[in-house]
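J.: Take 2 as the starting number for the sequence shown in the numbering used here and just add one per residue.
Beta carbons are placed, not taken as given, at the ideal position from N, Cα and C, and that holds for glycine.
These figures come from a predicted structure and were not determined experimentally.
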Amino acid sequence: METRRDPAVDVPDALFDDPEAEARWRGRFTAARISVPDWARDAPARSVYSSNASGTWEVYAWDRQTDAHRRVTDRPNGTRGATVSTDGDWIWWFDDTDGDEFGTWVREPFAPGTPAGPAVPGAERGYPAGLDLGTTTTAIGWSTDDGSTLAVQVGDAPLRTVYSHTEDAGIGALSRDESLLAISHSEHGDSRHPAIRVLRVDDSSAVADLYDGEGLGLEPIEFAPVAGDPRLLVQHERRGRDELLIWDPLTGTETELDIDLPGDLGAGFYPDATALIVAHTRAGRTTLHRYDLESGKLSDLPTARGSVGGADVRPDGSVEYGWSSAAQPSSVRVLRPDGTDEVLLTPPGDRPAPSVVLEDAWVPGPAGDVHALYSRPEDTTGPVPTVFQIHGGPQAADEDRYSAVRAVWLDAGFAVVHVNYRGSSGYGSAWRDAIEGRPGTTELEDVAAVHAWAVESGLADPAACVLEGWSWGGYLTLLGLGLQPERWAVGAAGVPVADYLAAYSDEMEPLRAFDRSLFGGSPTEVPERYRTASPLTYVDDVTAPVLLLAGENDPRCPIRQIDNYLDRLAELGKPYAMVRYDAGHGSLVVAETLNHTAAEIAFVRRALDMPVPIGS
């Protein structure tokens with residue numbers, strides 16, 4: 002196959018003339034970070050977590066009794082996904098190839114010395130579709146182009162399929178006595194709004210189904226962590242936002258929890274199943290609460306203003322959680338039962354430098370106010386070059402959390418604006434689902450409204466507005482450059498959808514199911530919707546220089562459809578450049594992420610004719 006020769010980016014040795022500024026931005030990326038640890042249910046002193054301390058995101062083991070830490074995985078392109086068995090004897094991690102997300106679970110002893118081997122004999126290679134480990138039962142799922150397969154292994158018995166379907170499905174939760182398995186499925190054809198089925202583990206028979214109807218999704222969270230207690234915690238959206246209910250599939254009893262908080266809710270059980278830890282998300286920030294199931298009393302769990310992730314309750318009642326804000330880097334913390342809040346784990350090396358706070362703006366849009374978060378470079382007034390960083394998903398949201406990428410754009414003299422467009426999570430079901438049948442163009446209407454506000458308010462220089470994003474944000478970047486060429490001076494799109502018809506053909510099956518739900522059918526059934534939503538349709542109208550960054554092994558936004566877009570740019574003589582790397586949907590290698598960020602800023606500076614460091 003002939004090697005492509007797309008224009009490359011001339012990445013400078015330094016982004017800043019000032020050595021301190023140069024060291025600061027690089028230090029934000031290279032500083033070691035860690036995830037909230039996942040501990041063994043019946044041996045809570047044994048934990049696993051992820052860290053980039055080696056320069057690549059890998060899996061680490063932590064023995065809390067001895068405070069010994071060791072790196073478990075060591076793979077060139079990093080490792081996503083790990084857990085620990087209930088007895089703490091085994092570490093499980095997902096073995097894919099160079100970030101392609103297609104593989105199988107392997108396991109190795111918690112104590113070092115023995116290499117990893119297949120965790121579940123008989124499990125096929127595929128895209129992961131859930132995993133839950135019991136004492137003697139393993140529930141595992143995978144998906145391929147043929148659909149979803151869910152299976153269980155009890156003791157040493159052979160792996161047994163309990164559910165398979167051409168539509169998307171996944172493992173939900175295993176009951177504590179391992180007699181019941183809750184699965185999420187979309188037999189009705191809408192993977193964005195799944196239903197729940199509870200199966201008996203011993204014979205795969207259906208116990209009960211829970212389905213709220215068209216456009217109303219249900220997610221199984223977990224069974225009560227007490228043997229013999231069949232209650233299942235469920236997230237629902239019956240009143241237009243994510244809320245909670247308790248369902249007993251054996252009796253059919255449903256109890257909707259009346260929790261007086263205005264935003265979207267997620268939760269998990271306390272270890273004795275008498276209470277829930279509730280995460281409340283609203284307008285890009287998170288608060289934690291304890292909800293007593295008997296009295297209905299809601300108590301605040303005090304955390305600083307910002308975003309919380311990965312909160313869970315230890316057997317002693319301590320809450321371990323991750324926290325950060327736009328100004329302060331992430332930390333893994335523990336809130337003790339006596340109210341003491343302290344750092345739980347300190348990564349090795351220097352801490353990353355702080356950054357600038359995010360402000361809120363509520364901008365009138367075509368379907369209601371659009372929430373935007375923005376930061377201005379310190380010590381600036383008047384209009385400045387502005388990068389509109391568009392989040393991925395689309396079922397996600399920008400939040401008040403630390404970002405090394407945002408920080409370096411600010412240091413480089415750019416304002417940064419985040420847009421939680423229609424399609425984003427955290428603003429209710431109607432806002433999230435407003436893009437159905439008309440994806441891409443709907444979100445860009447909200448981006449345009451925020452762009453107009455940023456210019457009119459005196460924040461953004463209208464001649465120096467940058468559209469930038471990764472994944473769905475990269476897709477919206479390419480689409481915006483073609484549909485709104487008058488607004489954007491330059492664009493940078495990471496791992497985007499560029500040619501939607503080719504992307505659908507090549508992407509992983511769970512994403513094809515997602516697209517069918519989003520568009521209202523496949524490209525064969527609703528071809529005009531896909532054509533209208535495809536950046537390739539509007540590539541002739543692109544006037545701004547565009548940078549694309551993509552992974553060769555990406556199963557979500559495959560490389561062929563990006564190459565199709567690049568070929569058309571080249572045919573038309575449009576100014577563009579390409580950064581191609583040997584991984585999947587983003588890189589787990591810190592040096593690669595550094596290079597991507599430097600390439601974006603260098604490309605944008607040159608496109609805007611901005612000063613670059615001496616000698617670059």
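Is it true that the CB of Val-344 sits closer than 8 angstroms to the CB of Ser-627?
T.: Missing from the structure shown is residue 627; the chain here goes from 2 to 617 and no further.
J.: Kindly indicate which residue of Ile-222, Leu-151, Leu-234 and Arg-25 has the alpha-carbon position closest to the one of Pro-355.
T.: Checked all of Ile-222, Leu-151, Leu-234 and Arg-25; the closest Cα to Pro-355 is Arg-25.
J.: How is Phe-224 classed by DSSP in three states: helix, strand or coil?
T.: Of the three classes helix, strand and coil, the one that applies to Phe-224 here is strand, per DSSP.
J.: Terminal residues of the continuous beta strand (DSSP E) containing Gly-171?
T.: Per DSSP, Gly-171 belongs to the beta strand (DSSP E) from 170-175.
J.: Mapping the DSSP letters down to three states, classify Glu-21 as helix, strand or coil.
T.: Residue state, collapsed to three classes: helix.
J.: Relative to the C-alpha of Glu-220, which residue among Ala-183, Phe-520 and Asp-568 is closest?
T.: Answer by Cα proximity: Ala-183.
J.: Where does the unbroken alpha helix (DSSP H) through Glu-444 begin, and where does it stop?
T.: It spans 442-457 - the alpha helix (DSSP H) in which Glu-444 sits, taken as one unbroken run.
J.: For Thr-273, which residues of its own chain have a beta-carbon under 6 angstroms away from its beta-carbon, when the five flanking residues on both sides are left out?
T.: According to the sequence displayed, residue 273 carries Asp and not Thr. If we look at Asp-273 and ignore the five residues flanking it on each side, it has no Cβ neighbours.
J.: Exposed or buried, which one is Thr-74 when buried takes at least 16 other CB atoms within 10 Å?
T.: So Thr-74 counts as buried.
J.: Look at the alpha carbon of Glu-360 and the alpha carbon of Ser-376, and state the distance between them as a whole number of angstroms.
T.: Each residue's alpha carbon lies about 6 angstroms from the other.
J.: Quickly, what does DSSP pair Ser-165 with across the bridge? List them, please.
T.: Looking at the DSSP assignment, Ser-165 forms a beta bridge with Thr-150.
J.: Starting from the C-beta of Leu-537, find all residues in its chain whose C-beta is less than 7 angstroms away, skip the five residues before and the five after it, and write them out in chain order.
T.: Excluding residues within five positions, the ones whose Cβ falls inside 7 angstroms are Ala-499, Asp-500, Asn-565, Tyr-566 and Arg-569.
J.: How would you label Asp-204, buried or exposed, when you count the other beta carbons within 10 angstroms and need 16 or more for buried?
T.: Exposed.
J.: Mapping the DSSP letters down to three states, classify Asp-586 as helix, strand or coil.
T.: Checking the sequence shown, residue 586 turns out to be His, not Asp. If DSSP states are grouped into helix, strand and coil, His-586 belongs with coil.
J.: Leaving out the 5 sequence neighbours to the left and right, which residues in its chain are closer than 8 angstroms to Met-509 when beta-carbon positions are compared?
T.: Once the five neighbours on either side are set aside, the close Cβ partners of Met-509 are Glu-102, Phe-103, Tyr-128, Ser-144, Pro-556 and Arg-557.
J.: Considering only the beta carbon of each residue, do Arg-34 and Val-409 sit closer than 8 angstroms?
T.: Going by C-beta atoms, Arg-34 is not nearer than 8 angstroms to Val-409.
J.: If I follow the unbroken beta strand (DSSP E) through Ser-185, where does it start and stop?
T.: Where Ser-185 is concerned, the enclosing beta strand (DSSP E) stretches over 181-186.
J.: Who are Ile-35's beta bridge partners in DSSP?
T.: According to DSSP, Ile-35 bridges with Ser-52.
J.: Measuring only the C-alpha atoms, how far is Ala-504 from Gly-552?
T.: So the alpha carbons of these two residues sit roughly 14 angstroms apart.
J.: For the beta strand (DSSP E) that contains Thr-287, what are its first and last residues?
T.: Note, Thr-287: beta strand (DSSP E), 286-293.
J.: Which class does Phe-604 belong to by DSSP, given the choice of helix, strand or coil?
T.: Note: Phe-604 maps to helix in three-state DSSP.
J.: Specify the secondary structure class of Gln-1 as computed by DSSP and reduced to three states.
T.: Because the chain is modelled from 2 through 617, residue 1 falls outside the range shown and cannot be assessed.
J.: Would you give the residue range spanned by the beta strand (DSSP E) that Trp-63 belongs to?
T.: Start and end: 59-64.
J.: For the region 374-455, which segments carrying the alpha helix (DSSP H) assignment without a break, of at least 4 residues, lie completely within its bounds, in sequence order?
T.: Runs of the alpha helix (DSSP H) inside the region 374-455: 405-412 and 430-434.
J.: What are the boundary residues of the beta strand (DSSP E) that includes Trp-324?
T.: Run containing Trp-324: 320-325, per the beta strand (DSSP E) assignment.
J.: Determine contact between the region 436-446 and the region 479-492, defined as no fewer than three beta-carbon pairs at a distance below 8 angstroms.
T.: The region 436-446, when compared against the region 479-492, does touch it at the 8 angstroms Cβ threshold.
J.: Alpha carbon to alpha carbon, how far is Pro-440 from Ser-518? Give it in angstroms, no decimals.
T.: Each residue's Cα considered, the two are about 11 angstroms apart.
J.: For Gln-66, does the count of other Cβ atoms within 10 angstroms reach 16, so buried, or fall short, so exposed?
T.: Exposed is the call here.
J.: Less than 8 angstroms separating the beta-carbons of Ile-197 and Leu-181?
T.: Not closer than 8 angstroms, so no.
J.: Which of helix, strand or coil does DSSP assign to Gly-229?
T.: Reduced to three states, the DSSP call for Gly-229 is coil.
J.: Rounded to the nearest angstrom, what separates Ser-430 and Arg-242 at their Cα positions?
T.: Taking the straight line joining both Cα atoms gives about 5 angstroms.
J.: Considering just the uninterrupted stretch of the beta strand (DSSP E) at Arg-71, what are its terminal residues?
T.: Note, Arg-71: beta strand (DSSP E), 69-72.
J.: Going by beta-carbon coordinates alone, are Ser-300 and Arg-286 separated by less than 8 angstroms?
T.: Contact: no.
J.: Are the Cβ atoms of Pro-250 and Leu-233 separated by less than 8 angstroms?
T.: Cβ distance < 8 angstroms, so Pro-250 and Leu-233 count as in contact.
J.: Using a Cβ-Cβ cutoff of less than 8 angstroms, which residues in the same chain neighbour Val-235 once the five nearest sequence positions on both sides are dropped?
T.: Only Ile-197, Leu-211, Leu-219, Glu-220, Pro-221, Ile-222, Leu-245, Leu-246, Ile-247 and Trp-248 meet the Cβ criterion.
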